[in-house]
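Data first, discussion second: the structure below is written as structure tokens.
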Amino acid sequence: NAGVTQTPKFRILKIGQSMTLQCTQDMNHNYMYWYRQDPGMGLKLIYYSVGAGITDKGEVPNGYNVSRSTTEDFPLRLELAAPSQTSVYFCASSPGEFGANVLTFGAGSRLTVL
Amino acid sequence: GDSVTQMEGPVTLSEEAFLTINCTYTATGYPSLFWYVQYPGEGLQLLLKATKADDKGSNKGFEATYRKETTSFHLEKGSVQVSDSAVYFCALSDPFLQGAQKLVFGQGTRLTINP
């Protein structure tokens, strides 16, 4: 029973490089989310999805892209990495219509852009 | 828009002390309120929740009561343990206004318990 799995756990990028943070869940949850957590700050929503093929912007979407081709997977793409994207990224999922507020989080991916 | 404000950290207590972490919120609708906990090196976990005014959420000795009149959801525990050392996040969700049950988080309060 893995829950929400994120890879990689750590990554260092150079300015302008691209990468994809992977997220997969095995709970058959409809809703998935990407948050970023900056030091001393709360989590801010980047993108979310209410089901396969449906995504929408959150509070801080600039510089990121997502896709949701399956219920299980919700990758986050950084196209041109910038130092401002240095952060810890959390993927989360929730069931949907009932109990939707209870999110299950992955362990996080720490990204440093130099 | 909706927002959550938590007391500034870090908070350091001795084992068996009483804990209060203050949380107040601003919301235009009728939000659900949550406390999440983040242990070192891990993702966030739901600690407790309350979905309407005067509800009390409780778990692992922690409690919080949804106070609509003071727009607060303070976290309390009568006797803390070293294992309670973590970062605590207050959060709200107002599905009728924001859709998709998105959570709005406070900035987090780091708690350290000394033996």
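So the sequence lines, in the order shown, correspond to chains A and B. Going left to right, the first sequence walks through residues 4 to 117 as the working numbering numbers them. Going left to right, the second sequence walks through residues 4 to 118 as the working numbering numbers them. We treat Cβ as the ideally placed atom computed from N, Cα and C, and that holds for glycine.
Are the C-beta of residue i and some C-beta of chain A separated by less than 8 Å?
i: B:Phe65; result: no
i: B:Gly32; result: no
i: B:Gly81; result: no
i: B:Phe76; result: no
i: B:Lys105; result: yes
i: B:Gly109; result: yes
i: B:Phe21; result: no
What number of angstroms, rounded off, separates the C-alpha of residue i from the C-alpha of residue j?
i: B:Tyr42; j: A:Gly111; result: 12 Å
i: A:Arg14; j: A:Met30; result: 26 Å
i: B:Asp5; j: B:Val14; result: 26 Å
i: A:Tyr50; j: A:Gln9; result: 16 Å
i: B:Leu78; j: A:Val7; result: 27 Å
i: A:Leu83; j: B:Leu16; result: 44 Å
i: A:Lys17; j: A:Pro42; result: 20 Å
i: A:Asn68; j: A:Ser97; result: 20 Å
i: B:Arg113; j: A:Arg80; result: 30 Å
Which residues in the same chain as residue i place their Cβ atom closer than 8 Å to its Cβ, once the five residues preceding and following it in sequence are excluded?
i: B:Val85; result: Glu18, Ile116, Asn117, Pro118
i: A:Asp59; result: Tyr50, Tyr51, Ser52, Val53
i: A:Leu48; result: Tyr36, Trp37, Tyr38, Gly61, Glu62, Val63
i: A:Ala55; result: Arg71, Ser72, Thr73, Thr74
Here's a check: name, in chain order, each residue in its chain whose Cβ is nearer than 6 Å to the Cβ of residue i, leaving out the five neighbours to either side.
i: B:Asp87; result: Ile116
i: B:Thr68; result: Lys59
i: B:Lys80; result: Leu22, Gly64, Phe65
i: A:Thr89; result: Thr115, Val116
For residue i, decide whether its Cβ has a neighbour in chain B, counting only Cβ atoms nearer than 8 Å.
i: A:Tyr67; result: no
Along the beta strand (DSSP E) that carries residue i, what are the first and last residues, could you check?
i: B:Gly60; result: 59-62
i: B:Lys55; result: No beta strand (DSSP E) holds B:Lys55; DSSP gives it neither H nor E.
i: A:Gly54; result: 46-54
i: B:Gln41; result: 35-41
i: B:Asn117; result: 112-117
i: B:Ser17; result: 14-17
Which residues in the same chain have their Cβ closer than 7 Å to the Cβ of residue i, if we skip the five residues on either side of it in sequence?
i: B:Leu49; result: Phe37, Tyr39
Discussion item. With three or more beta-carbon pairs closer than 8 Å as the criterion, would you say the segment 7-21 of chain B touches the segment 71-82 of chain A?
Written reply: When C-beta atoms of the segment 7-21 of chain B are compared with those of the segment 71-82 of chain A, fewer than three pairs fall below 8 Å, so the two segments do not count as touching.
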